[in-house]
Structures are given as structure tokens and as C-alpha cells.
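Novice: Per full-length UniProt numbering, the sequence shown starts with residue 1, numbered consecutively.
Quick one: structure below, then a few questions.
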Amino acid sequence: MNPYLDIILRSVAIYFFMVIALRVFGKKELSQLNTADVILILLISNSVQNAMVGSDTSLWGGLVAAGALFLMNFILKKLMFRFKGLNNLLQQKPEILIHNGKLEFETLGKLGITSEELTEAMHEHGVEFFKDVKLAMLEIDGNISIISGSENLKQSHYKRKRNHKSLGGID
């Protein structure tokens, strides 16, 4: 077999394994990474490198593996856009955090969102009290959207910062 075709097939297999593993073990948006998540990502990348390129440590082997990963990512995103069933299978859904002033404690607990984080997002939207929130949602991109009683939906740039603090506040 062509050694570069072998690298491509290995890289594609690792790509699909990682997509499935991330879906099974839960989403973590980049803005939500804590120190343990960063360590995990670094260790995973190191552990799968040899599985992708085998004994080929050449520049071309690395470029072929990277190219295969970029191509698979491009193809998967196109397929997810075209086939909603695939998108639903692989993509997480937005989560309701507050509905008509009532906090969804089960969802907040499942997502590990503290009342301080939620309050910070509300303040960013100019809302002071939970009772004034018609709807607060954790979007699939990690943003928290707030709809208050007197305004339309505003998308903020608020990202969960709890884990940033554990990285020394690096943005």
C-alpha cells in the first residue's frame, strides 16, 4: 500500500474516533476548557500521533496527516449542514438555564454552571434579577443568551470564565 494512503486512512480513522469520543463524553467549548481539559487534549494528540503517521516522521508524512484531518473536518461540516440527522447526532443542543425567572437547577448542575457565572452573564445584558429573565440559554458555541422582559434576544460575548481563571485568566 502507498505509505501516504496509509497515513490518510489512519488519520481519517483517528478523526472519526475523536469526533465520536467527544460526542459521547460531552461537549466542552474552547471557552470552557480547564487545566485538566488542556492536559487531556495534549496527551490525546501525543497518543494518536503515531497511530496516524506510523513510523513516517517526515515532513511530508505530517503534512499528509494534517491535510487529511483538515479535509475530513471540511467534509464532515458540509455533511452536517446538508443532513440534519447527522448534525443532530454530532452537535449538542442549546440548553435552557432560566425560563420565566425560574432557574433550571438540574440543567445548571449538569452543565456545571454556577449562579455567579449566570449572574455575570445577566449583568452583561443589563439584567439584575433572575425574576426579570424570560429566557437564558447556553448556546452551542458556549455563549449565554439572555432575553429579559423588556428587550429582544441579545447575543453576548460572555463565555464561561470559571475555567479561564484556573488557567491564570488567559483569554
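The beta-carbon is built from N, C-alpha and C at its ideal position, and this holds for glycine as well.
DSSP three-state label for L30, please.
Specialist: Its pLDDT being 46, under 50, L30 is placed unreliably by the model, and the measurement read from it follows with that caveat. Of the three classes helix, strand and coil, the one that applies to L30 here is helix, per DSSP.
Novice: Straight-line CA distance for S148 to L103?
Specialist: Taking the straight line joining both Cα atoms gives about 14 Å.
Novice: Can you tell me which of the three DSSP states I7 falls into?
Specialist: Helix at I7.
Novice: May I ask you to list the residues that DSSP assigns as paired with K131?
Specialist: K131 pairs with nothing; no bridge assigned.
Novice: Can you name, in chain order, every residue of its own chain whose Cβ lies under 7 Å from the Cβ of L79, other than the five neighbours on each side?
Specialist: Only L86 meet the Cβ criterion.
Novice: Below 8 Å on the Cβ atoms is my contact criterion, and I expect D6 with G62 to pass it. Report the Cβ-Cβ distance as a whole number of Å.
Specialist: Wrong, their Cβ atoms sit about 14 Å apart, outside the cutoff.
Novice: Between S115, M137, I20, which has its C-alpha nearest N100's C-alpha?
Specialist: Comparing Cα-Cα distances from N100 to each of S115, M137, I20, the minimum goes to M137.
Novice: Grab me the residues of P94's own chain with a C-beta within less than 7 Å of its C-beta, minus the 5 sequence neighbours each way, in chain order.
Specialist: For P94, where only same-chain residues beyond five positions count, the Cβ hits under 7 Å are M137, L138, E139, I140.
Novice: Let me know the secondary structure DSSP gives S115 once reduced to three states.
Specialist: In the structure shown, S115 sits in a helix (DSSP, three-state: H, G or I).
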